[in-house]
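Heads up, the thing below is written out as structure tokens.
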């Protein structure tokens, strides 16, 4: 799910004006350890291709003159902004049939769609420009699109904290919405992040309640968390995490000596990305940042050594592939991919002669699809990148029933190919249970209890990876393992299966289905 949110309008205008990266101000202020790293490089045979993507222009019918995509939804559907030749920038979505305009609210002039959930409901901003003499006043309004119809979120409020809702920045699978608001009564200066849940508005608060700049809510996590940025007691902006009614300051000066930071996205395992100032130089230039298990990592930029180097991480998937925007040494904007400690110009991951210069990558999903905006034959256009992947996962029959008469499931996520990060995900297990992930070189049977047999024999002695299932209740336990496959690795097959200690299983042991992973 996408992390662009607050500041999308400013970013769209900046990219429409040129290819140089805007300053931070133009971009807006805006689970247990759930992963074990494993390497599958010891099982090799035939050279594989390098990591790359196939670029597509989702405007297949040529309906728009310019545009950009901000977030990915089900089936590769994307949302963002575009010019359809009707005047001004309009909210838009793209699917296999091309570009589609979304309506703005009555009386407004422009708009943006910035997020979409698994049900296809989108949220964003509808904007009214009011000219008074030489001044133009900009009024943002929060909008939700359901079935192509624009709904003013302000009309859906039935209670909660006294806030004037201004814009929407995110929506989760349950239909809860986050965004930006202003404290009431009208005229108050405090800008606040809000949570809208079934008609009730919650003020997310502020790291510094007396601060005037307030809070931006930028993205939902998979478990109700919200990430964004808030004014700190220093009066500068700090990345924040909001969960269960409490806001946590993510800016640790011991790891990030500079004054400002922002959080833009969070993956299903609670890994957060954004930007931060890692230099104690008071220049306030931010580079990409990752927060994981209390450690803040500087993702860097593509202009290393330049004091003005900037990078903003806008999206992260389960397998910790990070995308965003940075600048080159000449100042030009480029979309980036960060993976396993290395930041790359995403344009170099395309085949030569593609016609694209990718300027900002806004979202990446667990399948490795990426959306954003870039220059295509000289025009700013939305892009959708599809991973060029020949690796496969095959779920095999088998498994042993556990609590609630449910059999845990094992599935692969992402591309199992050379140079890629991918993941294995255990779901449908008993929460709080412990288990091990095992590997084999075939699909033979290996009994482990009187009623349960694995299906990955001959079994490999290494690696054996312990894990704990997180969640709640029978069938609610899950865990994800990220694995990295080195560039240049050869093709190979490996069979894998997880066994789980489960008090509700017939012999106290449950097992997932076997999974055949073909790395290619």
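Residue numbers (the working numbering): 1 to 520. All C-beta atoms in this analysis are idealised placements derived from N, C-alpha and C, irrespective of residue type, glycine included.
| query | result |
| --- | --- |
| Can you find the residues in the same chain that come closer than 7 angstroms, C-beta to C-beta, to residue 131, ignoring five residues on each side of it along the sequence? | none |
| Within 10 Å of its beta-carbon, does residue 319 have 16 or more other beta-carbons around it, so buried, or fewer, so exposed? | buried |
| Hey, residue 98 and residue 76: beta-carbon distance below 9 angstroms or not? | no |
| Where does residue 451 sit, in a helix, a strand or coil, going by DSSP? | coil |
| Pick from 495, 287, 264 and 240: whose alpha carbon is nearest that of residue 444? | 495 |
| Which partner residues of residue 343 appear in the DSSP bridge assignment? | 338 |
| From the DSSP secondary-structure annotation, give me the bridge partner or partners of residue 68. | 81 |
| Is residue 442 closer than 9 angstroms to residue 456 when the C-beta atoms are compared? | yes |
| In chain order, what are the residue ranges of uninterrupted beta strand (DSSP E) at least 3 long that sit wholly in the stretch 254-314? | 261-266, 272-276, 287-292 and 295-300 |
| Helix or strand or just coil, what does DSSP make of residue 525? | Because the chain spans 1 through 520 in this model, residue 525 falls outside it and cannot be assessed. |
| Hey, how far is the Cα of residue 333 from the Cα of residue 513? | 45 angstroms |
| Run through DSSP, which three-state label would residue 175 get? | coil |
| At 3 residues or longer, what runs of the beta strand (DSSP E) sit wholly inside the stretch 192-219? | 200-203 |
| Return the bridge partner residues of residue 160 from the DSSP annotation. | 201 |
| In angstroms, rounded to a whole number, what distance separates the CA positions of residue 91 and residue 491? | 43 angstroms |
| Does the Cβ of residue 429 have 16 or more other Cβ atoms within 10 Å, making it buried, or fewer, making it exposed? | buried |
| In the DSSP assignment, what residue or residues form a beta bridge with residue 363? | 371 |
| Give the range of the beta strand (DSSP E) segment to which residue 150 is assigned. | 149-152 |
| I want to know whether the stretch 330-344 touches the stretch 386-396 - three or more CB-CB distances under 8 angstroms. | no |
| Say whether the stretch 467-487 touches the stretch 365-376, bearing in mind that this needs 3 or more beta-carbon pairs closer than 8 angstroms, one atom from each stretch. | no |
| Fully enclosed by the stretch 378-430, which beta strand (DSSP E) runs are 3 residues long or longer? | 379-387, 392-395, 409-414 and 421-430 |
| Check for me: the beta strand (DSSP E) holding residue 142 runs from which residue to which? | 135-146 |
| Could you tell me if residue 230 is buried or exposed, where buried requires 16 or more neighbouring beta carbons within 10 angstroms of its beta carbon? | buried |
| Checking the sheet assignment: what are the DSSP bridge partners for residue 478? | 470 |
| What three-state label does DSSP hand residue 348 in the structure shown? | helix |
| Got a sec? Which residues, its chain only, sit under 6 angstroms from residue 493 by beta carbon, not counting five neighbours each side? | 518 |
| Express the C-alpha separation of residue 509 and residue 273 in angstroms, rounding to a whole number. | 37 angstroms |
| Note the first and the last residue of the continuous beta strand (DSSP E) segment covering residue 132. | 122-132 |
| Taking DSSP's pairing of strands, which residues face residue 236 in a bridge? | None, per the DSSP bridge assignment. |
| Tell me the DSSP secondary structure of residue 155 in three-state form. | helix |
| The beta strand (DSSP E) that contains residue 228, what's its start and end? | 226-231 |
| State the beta-bridge partners of residue 457 as determined by DSSP. | 444 |
| What would DSSP say about residue 98, mapped onto helix, strand or coil? | strand |
| Less than 8 angstroms between C-beta atoms, sequence neighbours within five positions excluded: which residues of the same chain meet that for residue 467? | 36, 426, 434, 435, 436, 437, 479, 481 and 498 |
| Flag this pair as yes or no: are the beta carbons of residue 213 and residue 170 separated by less than 9 angstroms? | no |
| Roughly how many whole angstroms lie between the Cα atoms of residue 327 and residue 374? | 13 angstroms |
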